[in-house]
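Going left to right, the sequence shown walks through residues 1 to 219 as full-length UniProt numbering numbers them.
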Amino acid sequence: MQFAIIGLGVFGITCAKELEKLGNQVLAIDIDEKLVDDISEYVTRAVIADATDKDTIEELDLASFDGVLVSIGDNLEASLLCTLNLLSLNVQNLWVKAKTDSHHQILQSLGVNNIIHPEQDMGVRIAQKMNYPMVKQYMALGDEQFLVRLDPPEQWRGHPWSDVQHSHPDIIFIMLKRNQQIFNQLPDGFFFQGGDKLVVGGDTQALRRLAKAIRQTAI
1 MQFAIIGLGV FGITCAKELE KLGNQVLAID IDEKLVDDIS EYVTRAVIAD
51 ATDKDTIEEL DLASFDGVLV SIGDNLEASL LCTLNLLSLN VQNLWVKAKT
101 DSHHQILQSL GVNNIIHPEQ DMGVRIAQKM NYPMVKQYMA LGDEQFLVRL
151 DPPEQWRGHP WSDVQHSHPD IIFIMLKRNQ QIFNQLPDGF FFQGGDKLVV
201 GGDTQALRRL AKAIRQTAI
């Protein structure tokens, strides 16, 4: 697939490199020659261009790309002009980095569906990990529903999933990984061991109750 990254700050560079590592063709764009030179060896193509100029954007044929990320967070005017240019060219899978709430609201009013706040999002994730150290990864599904990957705590070892389910009926078992084996159903006589990787689902309140029980070394 082809992706374009406009704006080569830390976030833009990180996204560009990662997309390239995933086997995609990446076009990196910035008005700063040094930033373009620095990333050129890591992406398919890097160009010096003013993304606020509609003719320039049109020449790059970004409407044919599978996705475009506008990562111009610090210059509100440039971000909005670039976004307007891309929308006018019917770029479909458009992602835009917003710096402030007002920036977000303007982008929303323009019809941008994928608006991201990297600093805020990362801050939330770090706070969650600090507050719930047993949680290794999580995914929000909407409507306060989450998938959570955790390492079963020591007090669960030697116990079956049914003991956890009895205390936390609102928690749903999704899967468990033990060494190289994946279980989407746990057989009779299956007890937790050290090194297990568990994925469960539930709403916010149910998961908080589970986290509280783990902290209190309860099942």
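In this text, a Cβ means the ideal position worked out from N, Cα and C, and glycines have one as well.
Option nearest Q216 by Cα separation, candidates F146, Q193, M134 and L84: M134
DSSP bridge partner residues for N114 (one or two, in chain order): W95
Local Cβ density within 10 Å of I126, reported as buried at 16 or more and exposed below that: exposed
A4 beta carbon less than 8 Å from that of L27: yes
Limits of the beta strand (DSSP E) - the one that F183 falls within: Q181 to F183
CB-CB length for I39 against L89, believed under 8 Å: In fact, because the Cβ distance is near 24 Å, the residues do not count as touching under 8 Å.
Nearest-angstrom Cα separation, counted from A51 out to A211: 46 Å
From D101, Q180 and V200, residue whose alpha carbon lies closest to that of Q137: V200
Neighbour-count burial assignment, G12, 16 or more Cβ in a 10 Å radius: buried
Burial state of T83 (16 or more Cβ within 10 Å): buried
Residues that D30 bridges to, as DSSP identifies them: I48
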